[in-house]
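S.K.:
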Amino acid sequence: MTTSTTGSQLLASAAGLDAADPLAVLRERFVPGDGELIAYLDGNSLGRPLIATREHLFRFVDDVWAPRLIRGWDEGWMDSPLTLGDALGALTLGAAAGQTVVADSTTVMLYKLCRAAVCARPGRRQIVLDTENFPTDRYVLEGIAAETGTQLVWIEPDPLEGVTADEVAAVVGPDTALVVLSHVAFKSGFLADTPAITRIAHAAGALVLWDLCHSAGVVPVELDAWDVDLAVGCTYKYLNGGPGAPAFGYVASRLQGELRQPVQGWMGHAEPFTMGPGYAPATGMRRFISGTPPVVGMLAMRDMLDLIGEAGLDAVRAKSSALTAYVIDLADELLTPFGVEIATPREAARRGGHVMLTHPSFRELIPALWERGVIPDFRPPQGMRVGLSPLSTSFGEVAAGLALVARLLEERGQGRLISVR
Ligand SMILES: Cc1ncc(COP(=O)(O)O)c(C=O)c1O
Ligand SMILES: Nc1c(O)cccc1C(=O)C[C@H](N)C(=O)O
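Take 0 as the starting number for the sequence shown in numbering that gives the first Met the number 0 and just add one per residue.
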């Protein structure tokens, strides 16, 4: 099979799209990949480092850590989970100050907030979740259910889409303590109707926690305006915090006094340095901190927040939508003739920042792509997830990456339409 005229035109259009992209110039702010890298399509797993970050990490040792030593804690480190949380909340989450903290991993923060929420709704014995959510969310809730004697109520959404408001309305009721869902589904990229679902859960008297791992920094979120109770998310994807960068947690101010989180460490104590006999939670978001803040792990995300602020989150979302649309158009032209299917909503307003493509040979094909410098990721059973990080991904990269996918499928003799499911 040779590429159709439309396919060739689409590939060629990448240069024009990049030339017209108002954010294209910001790609120069990132550290270039090695010479082998053709297309990095995994920024939704691990964002690329900024040149500013290289400088800041290096300077931190000489300018801050070495000269200030232990005094650094009084000079800003102690408050950094809250000051950085406020900046992140204001810029990307629609959260007023005093409701966002940076700490822990997403998994640990999720556990702390979910456990606190379930305990804050005594007498309600159910947690609503869905089978398509990321494993850590499902596993953490299985653990909380076992610890608290709570029952898990599973929604089974269409895997090509995600959880709908109707599906939530059908299962919540007077026994629901907590609903836990992802704003952007980690596989399909489906964008949930967060305000509607939150209203439905509240009408049943339940609390809601939103996992924002795949939204923070790429899809605008309005936690305060949507009346969200709780949220968590990671900072190493679109917030480019680097491998293992800490998570963020959001607790609406109206709930903070009511929630008691289970990992009662000294840093969440009202007076950590009194070192007294019993635990007394701090007021406000500080009570959701457990141990020593990961100061070094917070450095890189500050640079990315600055860059998002410079670009504007709406412009980031606009480019994200254009990139995902381009992937879908290219896949339609170049890949569907080989039996590839698009497992992401086609309507831009109903998807986040990545596109899921499926094909039975992707498990074997993706390592071959990596070897040739094209890096998407594989998600079982047969998904190639194409992640687009709007400030660092170009249309040219996307074209080069998907052209290689088409070529490898062709080499494998997948030229005729085959059944995928
Ligand atoms: C939806 C979702 N939740 C949670 C996580 C991860 O949690 P952690 O940072 O603890 O590994 C991820 C990805 O890693 C994710 O995609
Ligand atoms: N979070 C990850 C990690 O720490 C190592 C390797 C991969 C990942 C991931 O991208 C998981 C991820 N959140 C996902 O959406 O699949």
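Don't be surprised by glycine CBs; every beta carbon is placed ideally from N, CA and C.
1) Here's a check: name, in chain order, each residue in its chain whose Cβ is nearer than 6 Å to the Cβ of E155, leaving out the five neighbours to either side.
2) Return helix, strand or coil for G148, following the three-state DSSP convention.
3) Please list, in chain order, all residues of the same chain as A164 whose beta carbon is under 8 Å from its beta carbon, the five residues on each side excluded.
4) Answer yes or no: the CB of S187 versus the heavy atoms of ligand 2, is any distance below 7 Å?
5) Quick one: what does DSSP say F185 is sitting in, helix, strand or coil?
6) What residue from E54, L408, A398 has the CA that sits closest to S7's CA?
7) Helix or strand or just coil, what does DSSP make of H358?
8) Could you tell me whether the Cβ atoms of K111 and Q255 are closer together than 8 Å?
9) At what residue ranges does the segment 162-248 contain a whole run of the beta strand (DSSP E), taking only runs of 3 or more?
10) Using a threshold of 7 Å, is the CB atom of D210 nearer than that to any non-hydrogen atom of ligand 1?
11) Is DSSP giving V139 helix, strand or coil here?
12) Distance, Cα to Cα, A176 vs T147?
13) Given 8 Å as the limit, is there contact between the segment 75-94 and the segment 208-227, that is, 3 or more CB pairs closer than that?
14) I'd like to know whether the C-beta atoms of L25 and Y235 end up nearer to each other than 8 Å.
15) Inspect the beta-carbon positions of I126 and V167 and report whether they are closer than 8 Å.
16) Given G277, which residues of its chain have a CB within under 7 Å of its CB, disregarding the five upstream and five downstream residues?
17) A65: buried (16+ other C-beta within 10 angstroms of its C-beta) or exposed?
18) For a test of your reading of the model: does the CB of F247 fall under 7 Å from any non-hydrogen atom of ligand 2? Yes or no.
19) Going by the DSSP bridge assignment, what does T82 pair with across the sheet?
20) Rounded to whole angstroms, what's the CA-CA distance from I417 to V152? Just pull it up for me.
21) According to DSSP, is Q125 helix, strand or coil?
22) Can you tell me which of the three DSSP states T392 falls into?
23) For R286, which residues of its own chain have a beta-carbon under 6 Å away from its beta-carbon, when the five flanking residues on both sides are left out?
24) How many angstroms separate the CA atom of L408 from the CA atom of G338?
25) Beta-carbon within less than 6 Å of A13's beta-carbon, same chain only, minus the 5 sequence neighbours each way: which residues are those?
26) Evaluate D136 with the Cβ neighbour count: other Cβ atoms within 10 Å of its Cβ, from every protein chain shown; 16 or more gives buried, anything less gives exposed.
27) Tell me whether the beta-carbon of S187 lies closer than 8 Å to the beta-carbon of E160.
28) Mark R114 as exposed unless 16 or more other C-beta atoms lie within 10 angstroms of its C-beta, in which case mark it buried.
29) Does R123 pass the burial test, meaning 16 or more other C-beta atoms within 10 Å, or should it be called exposed?
30) Alpha carbon to alpha carbon, how far is P379 from R411?
31) Out of curiosity, what's the CA-to-CA distance linking L87 and D305?
32) Inspect the beta-carbon positions of M150 and S252 and report whether they are closer than 8 Å.
33) Have a look at A202, A203, A230 and flag the residue whose alpha-carbon is nearest the alpha-carbon of H213.
34) Please report the residue range of the beta strand (DSSP E) in which V262 lies.
35) Using the three-state DSSP reduction, which class does I417 fall into: helix, strand or coil?
36) Are the segment 47-60 and the segment 71-79 in contact at 8 Å, needing three or more beta carbon pairs?
M.R.: Taking the coordinates as given:
1) To locate residue 155, count along the sequence shown from 1; it is residue 156. Within the same chain, E155 has close Cβ partners T130.
2) As a position in the sequence shown, residue 148 is number 149, starting the count at 1. G148: coil per DSSP, three-state reduction.
3) Counting from one through the sequence shown, the residue named residue 164 turns up at place 165. Here the set comprises D192, A195, I196, I199.
4) As a first step, residue 187 must be located in the sequence shown, where it is residue number 188. Taken from the Cβ of S187, every heavy atom of ligand 2 lies 7 Å or farther away.
5) To locate residue 185, count along the sequence shown from 1; it is residue 186. Coil at F185, not helix or strand.
6) Within the sequence shown, numbered from 1, the residue matching residue 7 stands at position 8. Checked all of E54, L408, A398; the closest Cα to S7 is A398.
7) Numbered from 1 along the sequence shown, position 359 holds the residue referred to as residue 358. Coil.
8) Locating residue 111 in the sequence shown gives position 112, counting from the first residue. Locating residue 255 in the sequence shown gives position 256, counting from the first residue. Their beta carbons are not under 8 Å apart, which means K111 does not touch Q255 by this criterion.
9) List check, beta strand (DSSP E) in window: 175-181, 206-210, 229-232.
10) Here residue 210 refers to the residue found at position 211 of the sequence shown. Checking every heavy atom of ligand 1 against the Cβ of D210, one is found closer than 7 Å.
11) Here residue 139 corresponds to residue number 140 of the sequence shown, with the count starting at 1. Of the three classes helix, strand and coil, the one that applies to V139 here is helix, per DSSP.
12) One-based indexing of the sequence shown puts residue 176 at position 177. One-based indexing of the sequence shown puts residue 147 at position 148. Each residue's alpha carbon lies about 12 Å from the other.
13) At 8 Å Cβ cutoff, the stretches touch.
14) Working through the sequence shown from its first residue, we reach residue 25 at position 26. Working through the sequence shown from its first residue, we reach residue 235 at position 236. The Cβ atoms of L25 and Y235 lie no closer than 8 Å to each other.
15) As a working mapping, residue 126 is identified with position 127 in the sequence shown. As a working mapping, residue 167 is identified with position 168 in the sequence shown. The Cβ atoms of I126 and V167 lie no closer than 8 Å to each other.
16) As a first step, residue 277 is located in the sequence shown; it is residue number 278 there, counting from the start. Cβ within range, chain order: n/a, list empty.
17) Residue 65 sits at position 66 when you count from the first residue of the sequence shown. Its Cβ having fewer than 16 others within 10 Å, A65 is exposed.
18) By one-based count along the sequence shown, residue 247 stands at place 248. No, Cβ of F247 sits at least 7 Å from all heavy atoms of ligand 2.
19) Here residue 82 refers to the residue found at position 83 when the sequence shown is read from its first residue. According to DSSP, which records beta bridges pairwise, T82 is partnered with nothing at all.
20) As a first step, residue 417 must be located in the sequence shown, where it is residue number 418. As a first step, residue 152 must be located in the sequence shown, where it is residue number 153. Unreliable placement is indicated for I417, whose pLDDT of 39 sits below 50; no coordinate value is reported for it.
21) Start at 1 with the first residue of the sequence shown, and residue 125 comes out as number 126. In this structure, Q125 counts as strand in the three-state DSSP scheme.
22) Here residue 392 is taken as the residue at index 393 of the sequence shown, counted from 1. Here T392 sits in coil by DSSP.
23) Here residue 286 corresponds to residue number 287 of the sequence shown, with the count starting at 1. Cβ neighbours of R286 beyond the five flanking positions: G267, P280.
24) Within the sequence shown, residue 408 is the residue found at index 409, counting from 1. Within the sequence shown, residue 338 is the residue found at index 339, counting from 1. L408 and G338 have their C-alpha atoms roughly 10 Å apart.
25) As a first step, residue 13 is located in the sequence shown; it is residue number 14 there, counting from the start. Around A13: F394, G395, A398.
26) One-based indexing of the sequence shown puts residue 136 at position 137. The residue is buried, with at least 16 neighbouring Cβ atoms inside 10 Å.
27) Stepping through the sequence shown from its first residue, residue 187 is reached at position 188. Stepping through the sequence shown from its first residue, residue 160 is reached at position 161. Yes; because the gap between Cβ atoms is below 8 Å, this pair is in contact.
28) Indexing the sequence shown from 1 puts residue 114 at position 115. Its Cβ being crowded by 16 or more others within 10 Å, R114 is buried.
29) Within the sequence shown, numbered from 1, the residue matching residue 123 stands at position 124. Sixteen is the threshold: when 16 or more other Cβ atoms of the shown chains lie within 10 Å of the Cβ of R123, as they do, the residue is buried.
30) Within the sequence shown, the letter at position 380 stands for residue 379. Within the sequence shown, the letter at position 412 stands for residue 411. If you take the alpha carbons of P379 and R411, they lie about 20 Å apart.
31) Here the question's residue 87 lines up with position 88 in the sequence shown. Here the question's residue 305 lines up with position 306 in the sequence shown. Looking at the two C-alpha atoms, the distance is approximately 10 Å.
32) As a working note, residue 150 is residue 151 in the sequence shown. As a working note, residue 252 is residue 253 in the sequence shown. Looking at the sequence itself, residue 150 is Gln, so the reference to Met does not match. If you check the CB distance, Q150 and S252 do not come in under 8 Å.
33) Numbered from 1 along the sequence shown, position 214 holds the residue referred to as residue 213. Nearest C-alpha to H213: A230.
34) What you label residue 262 is simply residue 263 of the sequence shown in a count that begins at 1. Counting along the chain, V262 falls outside any beta strand (DSSP E), and DSSP gives it neither H nor E.
35) Position 418 of the sequence shown, counting from 1, holds the residue named residue 417. In this predicted model, I417 has a pLDDT of only 39, less than 50, meaning its place in the structure is not dependable enough to derive any value.
36) With a cut-off of 8 Å, the segment 71-79 and the segment 47-60 do not count as touching, because too few Cβ pairs lie within range.
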